[in-house]
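Scroll down for the structure; my scribbles are underneath it.
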Amino acid sequence: MRAVVVRSFGGPEVLVPEDVPDPRPGRADLLVEVEACGVNYADTHTTENTYLAPQQLPLVPGAEVVGRVVEAGPDADATLVGRRVVALVPSGGYAELAAVPQATSVVIDEELPAADACALVLQGVTAWHLLRTCTRMAPGESVVVHSAAGGVGTVAVQLARQWRAGRIIASASTVDKRALAHDLGADVVVDVNAAEAGGAASVRDLLISANDDRPVDVVLEMTGGDVFNGSYLALAPMGRMVVFGLASRRAGRSVAPVDLMATSRTVGGFWLQAALARGGLVPIMDELLSMVRAGLLRAVVGGTYKLDEAAAAHADLRARRSAGKLVLVP
Numbered sequence: 001m002r003a004v005v006v007r008s009f010g011g012p013e014v015l016v017p018e019d020v021p022d023p024r025p026g027r028a029d030l031l032v033e034v035e036a037c038g039v040n041y042a043d044t045h046t047t048e049n050t051y052l053a054p055q056q057l058p059l060v061p062g063a064e065v066v067g068r069v070v071e072a073g074p075d076a077d078a079t080l081v082g083r084r085v086v087a088l089v090p091s092g093g094y095a096e097l098a099a100v101p102q103a104t105s106v107v108i109d110e111e112l113p114a115a116d117a118c119a120l121v122l123q124g125v126t127a128w129h130l131l132r133t134c135t136r137m138a139p140g141e142s143v144v145v146h147s148a149a150g151g152v153g154t155v156a157v158q159l160a161r162q163w164r165a166g167r168i169i170a171s172a173s174t175v176d177k178r179a180l181a182h183d184l185g186a187d188v189v190v191d192v193n194a195a196e197a198g199g200a201a202s203v204r205d206l207l208i209s210a211n212d213d214r215p216v217d218v219v220l221e222m223t224g225g226d227v228f229n230g231s232y233l234a235l236a237p238m239g240r241m242v243v244f245g246l247a248s249r250r251a252g253r254s255v256a257p258v259d260l261m262a263t264s265r266t267v268g269g270f271w272l273q274a275a276l277a278r279g280g281l282v283p284i285m286d287e288l289l290s291m292v293r294a295g296l297l298r299a300v301v302g303g304t305y306k307l308d309e310a311a312a313a314h315a316d317l318r319a320r321r322s323a324g325k326l327v328l329v330p
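Just so we're aligned: the sequence shown equals residues 1 to 330 in UniProt numbering.
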C-alpha cells in the first residue's frame, strides 16, 4: 500500500510517500480502507518528536481516519465488515489502509462526507471536552476561543453558541478567518496576534475590551507565549482557562499557586488521549453527529490534499494558511 513515512524527525520535508507492506489488524482491531485521513496541528509536533508522546522511527503519522472496514481481528465485531467508520488511531493514518482499534471506532452514515467525519472525531470531540469537561462552561458566561478558524476552534465556537454562551470572543489572524469565526457564531472577533506584539498586557486589554470592559469567564488556549500570558491576566475571578496546544512553540508564564488563590482563577490542560483512556467516545460522537443531522453544527473543511501532498498540508498548517479541517485523500 501507499503511505507517508517519517524516517528522520524534522519539518514537512520528512514526510515521504512510500510503498510499504499492508498493516494487519490486531486482535481487537479493524482493518479500514481509508477514504480520508485527518491532518492535525499536533501532527506537526509528532514529526519533530516534540509532542506529548515520544515517537519511534520509522513512523506513519495520522491519528484519525474515515473508511470502510475490510477485515476484523479475532476479537473484533465481524459484523462491522463493510460498514463505514471514523476512527482514532495511535498512528498510521496517512495511508491507504489502517489498522484501527474497534474501541475508538464509530459507525457513520453512508452519506456523511469523509472530511466532515474527520473534522468531528478528534477536533470536534476535543472542543466538546474543552467546554463540557474542562471549563464546564455555563449559560451566560463569556468564552474566548483562540485560533477560532482552526479545526478545534470552528467547532468550539458553534458549540459555545448552541450551549448559550453569553458572549463568544473569537481570535483569528486574517480577515477571512475572522469573517469565518463571525459566521460560525462569534459575537466579537479580534486579532490577538497583532495585540501580542505589545506583550501580555495588550492581549489582556484586547480581550477585556472585547467583553464590554469586563474580565472573561472561559478561555480555550492553544497558542502559548504572550497569548497565554495575556489570556490568564484577562480571566475574571472564578474564571477558567484550559490549554490544549502550543502552536507558537513558546511557553507562557509560570503560574504561582498563591496567584491562583488570590485571583480565584483556574488553569488546566487537556490532551484527548487522557480522556479516551476513560472511555466515552461513542456518546460524544453520537451527540455531535446528531447536531450535524439537525443542522445545528457544520464541519468546516479547509483543504483536501492527495496523500502524496502531506508535506504541503503540513507546510500550510504551520504557516497558518489554512482554516478548518485539513484532510489527505489516498
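Note that the Cβ used here is the ideal one computed from N, Cα and C, for glycine as well.
Note that this is a predicted model, so its numbers are computed, not measured.
May I ask which residues mark the beginning and end of the beta strand (DSSP E) holding MET222?
Run containing MET222: none; DSSP gives neither H nor E here.
Considering only the alpha carbon of each residue, which of GLY11, GLY239, SER322, GLY324 lies closest to GLU141?
GLY239
List the endpoints of the continuous beta strand (DSSP E) containing TYR305.
301-306
Closest to VAL301 by CA distance: which of LEU235, GLU13, GLY38, ALA160 is it?
GLY38
What does a CB cutoff of less than 8 Å around GLN273 pick up in its chain, not counting 5 residues either side in sequence?
LEU52, ALA53
Counting pairs of Cβ atoms below 8 Å between the stretch 280-290 and the stretch 245-261, do you hit three or more?
no
Kindly give me the distance between the Cβ atoms of TYR232 and MET222, rounded to whole angstroms, as I take these residues to be in contact under 8 Å.
At roughly 14 Å, the Cβ-Cβ gap does not stay under 8 Å, so TYR232 and MET222 are not in contact.
Quick check on DSSP: helix, strand or coil for ALA72?
ALA72 carries a strand assignment under DSSP once its states are collapsed to helix, strand and coil.
Quick one: residues in its chain with C-beta nearer than 8 Å to the C-beta of VAL145, no 5 flanking neighbours on either side, listed in chain order?
GLY153, ALA156, VAL157, ALA160, ILE168, ILE169, ALA170, SER171, ALA181, ALA186, LEU220
Cβ pair LEU317, TYR41 closer than 8 Å:
yes
Kindly list the residues whose CB is nearer than 7 Å to the CB of ARG27, restricted to its own chain and excluding five residues on each side of it in sequence; keep chain order.
GLY73, PRO74, ASP75
Where GLN123 falls, given that 16 or more other Cβ within 10 Å makes a residue buried:
buried
Taking the straight line between their C-alpha atoms, what separation do you get for ASP205 and ASP191?
12 Å
Pull up the CB-CB distance for PRO21 and ALA99, whole angstroms please, since I reckon it's below 8 Å.
Contact flag wrong, Cβ pair sits at about 12 Å.
ALA3 vs GLU96 beta-carbon contact at 8 Å:
Contact: yes.
Report the residue from PRO61, ASP217, LEU184, ALA119 whose alpha carbon sits nearest the alpha carbon of ALA138.
ASP217
Rounded to the nearest angstrom, how far is the Cβ of ALA226 from that of VAL203, given a contact under 8 Å?
What sits at residue 226 in the sequence shown is Asp, not Ala. Contact between ASP226 and VAL203 holds, with the beta-carbon distance rounding to 6 Å and staying under 8 Å.
Per DSSP, LYS325 is paired with what?
VAL301
Test item: CB-CB of GLY67 and GLY92 under 8 Å
no
Please return the same chain residues whose Cβ sits closer than 8 Å to the Cβ of GLU18, not counting the five positions on each side in sequence.
ARG2, ALA3, VAL4, VAL5
Local Cβ density within 10 Å of ARG214, reported as buried at 16 or more and exposed below that:
Per the 10 Å Cβ criterion, exposed.
Which term fits residue 384, buried or exposed, when burial requires 16 or more other beta carbons within 10 angstroms of its beta carbon?
With the chain covering only 1 through 330, there is no way to say anything about residue 384.
For ALA234 and LEU207, what's the separation of their Cα atoms in angstroms?
7 Å
The alpha helix (DSSP H) with LEU206 in it runs from where to where?
200-210
For a quick check, are the C-beta atoms of GLY107 and ARG84 less than 8 Å apart?
The sequence shown places Val at residue 107, rather than the Gly named in the question. Against a cut-off of 8 Å, the Cβ pair of ARG84 and VAL107 comes out as a contact.
Cβ shell of GLU48 (< 8 Å), same chain only, five flanking positions each side left out:
PHE9, GLY10, GLY11
Given a cut-off of 8 Å on the beta-carbon distance, is the pair ALA311 and GLU13 in contact?
A contact, by the Cβ cut-off of 8 Å.
Quick check on DSSP: helix, strand or coil for ARG83?
Looking at ARG83 - three-state DSSP - the assignment turns out to be coil, as it is neither helix nor strand.
Output the distance between the C-alpha atoms of GLY224 and PHE270, rounded to the nearest integer angstrom.
14 Å
Which of the three DSSP states is assigned to ARG27 in this structure?
coil
ARG320 by DSSP, collapsed to three states: which one?
coil
Would you mind sorting VAL143 into buried or exposed? The rule is 16 or more other CB atoms within 10 Å of its CB.
Buried: at least 16 other Cβ atoms inside 10 Å.
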